[in-house]
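For the sequence shown, counting from 1, position 127 maps to 127 in our numbering; every step adds exactly one.
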Amino acid sequence: MKIVITGAAGFLGSHLCDRFLRDGHQVIGVDNYLTGSPDNIRHLADNDAFRLVEADVSAGIPLDEPIDGILHFASPASPIDYYEFPVETLKVGSYGTHNCLELARQQKARFFLASTSEVYGDPAVHPQKESYWGNVNSIGPRSVYDEAKRYAEAVTMAYHRHHGVDTRIVRIFNTYGPRMRPHDGRVVSNFIVQALTGEPLSIYGDGSQTRSFCYVDDEVEGIYRLFMNGDSQPTNIGNPDEYTVQQLADIVLDLTGSSSTIARQPLPADDPKLRRPDITRARTMLGWEPKVPVRDGVARTIQYFRQLLAESKLSTRTMAEPQAR
Ligand code: UDP
1 MKIVITGAAG FLGSHLCDRF LRDGHQVIGV DNYLTGSPDN IRHLADNDAF RLVEADVSAG
61 IPLDEPIDGI LHFASPASPI DYYEFPVETL KVGSYGTHNC LELARQQKAR FFLASTSEVY
121 GDPAVHPQKE SYWGNVNSIG PRSVYDEAKR YAEAVTMAYH RHHGVDTRIV RIFNTYGPRM
181 RPHDGRVVSN FIVQALTGEP LSIYGDGSQT RSFCYVDDEV EGIYRLFMNG DSQPTNIGNP
241 DEYTVQQLAD IVLDLTGSSS TIARQPLPAD DPKLRRPDIT RARTMLGWEP KVPVRDGVAR
301 TIQYFRQLLA ESKLSTRTMA EPQAR
């Protein structure tokens, strides 16, 4: 198949390029490097089955050739990024998704949307099934991401129902692993980088909020199977193994052997208190479930950041703090 992946230079997008190329597909990556990095796809430079088109998909997708599928993974995805780029985030979820869907319609290609557990907001139902409609503050600082993705789901279903486009929607839960940026701002990368550089671990709030962390290889396998064998209904792909933020800090300190202290910081506005996917649908429809336990995945991610540190790509500056509290 010839596949277009937007956000190809991002964390998940670049791993997806690898996954599709591994199975013999051709991949056209699209990225404007707003939050992605050429480093993530440098290893594909000599691969004849891959090419990168530098473009902002919110403005249009400069491709006019037959394709079989398009996966829309372009978007700022870390809270610190969508606080910094709120309008770009809204545009890539709305105009960007619309442009991808038009391309899919014209080329009779399959469209795959990277949606998010953020569509559930601060959930009043736990764990979250796909049938839950969510609890989102439409005007809070996170709304630029949450509502963009909710709109993206709505326009995807409209193209499916009205234009008959073959569509998929994945709701991705907190994913971590190699190629996260050291200063990405997410909890796993922050804690690991802080532990490795001797900085205090920044726990926001009292650390009792939970997340369910999925190792990137598991996430990408679930996405690949959903693209190939799924249906048009939204599907949670995440690891149901749930941890408090404090427990994650303890795991990182244990696995790094770091003597970093803890520095408590205010909780960002509208920070979800609990998050855990119900993955019954993915298990039943795709025969998929995560395989990498959190301690193993965190250990592999520590290795990755240790390597960056050895190559001096990791500065010891303090992690960025969320700007909206
Ligand atoms: N968090 C934290 N310290 C950090 C970064 C994040 O305590 O340095 C918390 C954050 O408040 C949230 C959880 O960890 O409750 C996950 O945050 P992240 O930004 O990784 O993902 P998201 O909020 O999008 O789930």
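For each residue, glycine too, the CB sits at the ideal point set by N, CA and C. Bear in mind that the values here come from a model prediction, so they are computed numbers and not experimental data.
- Are Glu118 and Asp146 touching if we call contact CB-CB under 8 angstroms? Yes, the Cβ-Cβ distance between Glu118 and Asp146 is below 8 angstroms.
- Item | 4-residue-minimum alpha helix (DSSP H) runs that sit fully inside the segment 56-141, ordered along the chain | 79-84, 86-91, 97-107
- Task: Kindly indicate which three-state DSSP category Ile279 falls into: helix, strand or coil?
- Result: coil
- Task: Using only the heavy atoms of ligand 1, determine whether one of them is closer than 7 angstroms to the beta carbon of Leu267.
- Result: yes
- Query: Asn190 lies in the alpha helix (DSSP H); which residues open and close that run?
  - Reply: Note, Asn190: alpha helix (DSSP H), 187-197.
- Message: Here's the rule I'm using: 16 or more other beta-carbon atoms within 10 Å means buried, otherwise exposed. How should Ala104 be labelled?
- Response: buried
- Grab me the residues of Phe227's own chain with a C-beta within less than 8 angstroms of its C-beta, minus the 5 sequence neighbours each way, in chain order. Residues Gly69, Leu71, Arg110, Phe112, Arg168 of the same chain have their beta carbon placed closer than 8 angstroms to that of Phe227, with the five preceding and five following residues left out of the count.
- Same chain, Cβ closer than 6 angstroms to Gly297, five either side skipped, listed in chain order: Excluding five sequence positions before and after Gly297, the CB atoms of its chain that fall closer than 6 angstroms to its own CB belong to Tyr215, given in chain order.
- Query: Short check: CB of Leu201 to CB of Ala263, under 8 angstroms?
  - Reply: yes
- Would you say the beta carbon of Arg211 comes nearer than 7 angstroms to a heavy atom of ligand 1? For ligand 1, a non-hydrogen atom lies closer than 7 angstroms to the CB of Arg211.
- Query: Any heavy atom of ligand 1 within a distance shorter than 7 angstroms of the CB on Thr202?
  - Reply: The sequence shown places Ser at residue 202, rather than the Thr named in the question. Answer for Ser202: yes, Cβ within range of ligand 1.
- Message: Looking at Asn47: is its Cβ nearer than 8 angstroms to the Cβ of Leu21?
- Response: yes
- Taking 7 angstroms as the cut-off, does the CB of Pro326 come closer than this to any heavy atom belonging to ligand 1? Since the first residue of the chain shown is 1 and the last is 325, residue 326 is not available in this structure.
- Task: Go to Leu52, then tell me how far its beta strand (DSSP E) extends in each direction, as first and last residue.
- Result: 50-54
- Cα-Cα, which of Trp133, Val165, Gly164, Arg161 is closest to Arg150? When the alpha-carbon of Arg150 is set against those of Trp133, Val165, Gly164, Arg161, the nearest one is in Trp133.
- Message: Let me check understanding here. Comparing Cα to Cα, which of Pro127, Gly10, Ser189 lies closest to Ile279?
- Response: Pro127
- Query: Heavy atom of ligand 1 less than 7 angstroms from the Cβ of Asn174, yes or no?
  - Reply: True, at least one ligand heavy atom lies under 7 angstroms from that Cβ.
- Task: Express the C-alpha separation of Thr197 and Lys129 in angstroms, rounding to a whole number.
- Result: Computed Cα separation, rounded: 38 angstroms.
- Query: So does Asp206 have its beta carbon nearer than 7 angstroms to some heavy atom of ligand 1?
  - Reply: no
- Query: Is the closest heavy atom of ligand 1 to the C-beta of Gly185 under 7 angstroms?
  - Reply: yes
- By DSSP, does Ser37 sit in helix, in strand, or in coil? coil
- Message: List, from N- to C-terminal side, the beta strand (DSSP E) runs of 3 residues or more that fit wholly inside the segment 148-193.
- Response: 167-172
- Message: What would DSSP say about Thr284, mapped onto helix, strand or coil?
- Response: helix
- Item | Host beta strand (DSSP E) of Ala263 (start-end) | Unbroken beta strand (DSSP E) run through Ala263: 262-265.
- Just to confirm, does Val245 get its C-beta within under 7 angstroms of one of the non-hydrogen atoms of ligand 1? Yes - ligand 1 has a heavy atom lying nearer than 7 angstroms to the Cβ of Val245.
- Item | Contact test: Asn236 Cβ vs ligand 1 heavy atom, cutoff 7 angstroms | no
- Item | Opening and closing residue of the alpha helix (DSSP H) in which Asn229 lies | 216-229
- Query: Within the chosen definition, does the segment 164-182 reach the segment 133-144 through at least 3 CB pairs nearer than 8 angstroms?
  - Reply: Cβ pair count under 8 angstroms is below three, so no.
- Which of helix, strand or coil does DSSP assign to Ile208? According to the sequence displayed, residue 208 carries Ser and not Ile. Looking at Ser208 - three-state DSSP - the assignment turns out to be coil, as it is neither helix nor strand.
- Helix, strand or coil at Gly297 [DSSP, three-state]: For Gly297, the three-state secondary structure derived from DSSP is helix.
- Task: For the beta strand (DSSP E) containing Gly238, list its first residue and its last residue.
- Result: Looking at the DSSP string, Gly238 is not in any beta strand (DSSP E), and its letter there is neither H nor E.
- Whose C-beta lies closer than 7 angstroms to the C-beta of Lys273 among residues of the same chain, with five residues either side of it excluded? Asp122, Gln209
- If you drop the 5 nearest sequence neighbours on each side, which residues of the same chain put their C-beta closer than 8 angstroms to that of Phe305? Pro182, Ser189, Ile192, Val193, Leu196, Leu314
- Message: Quick check on Val292: does DSSP put it in helix, strand or coil?
- Response: coil
- If we count Cβ pairs, one from each stretch, closer than 8 angstroms, do we get three or more for the segment 55-68 versus the segment 242-251? no
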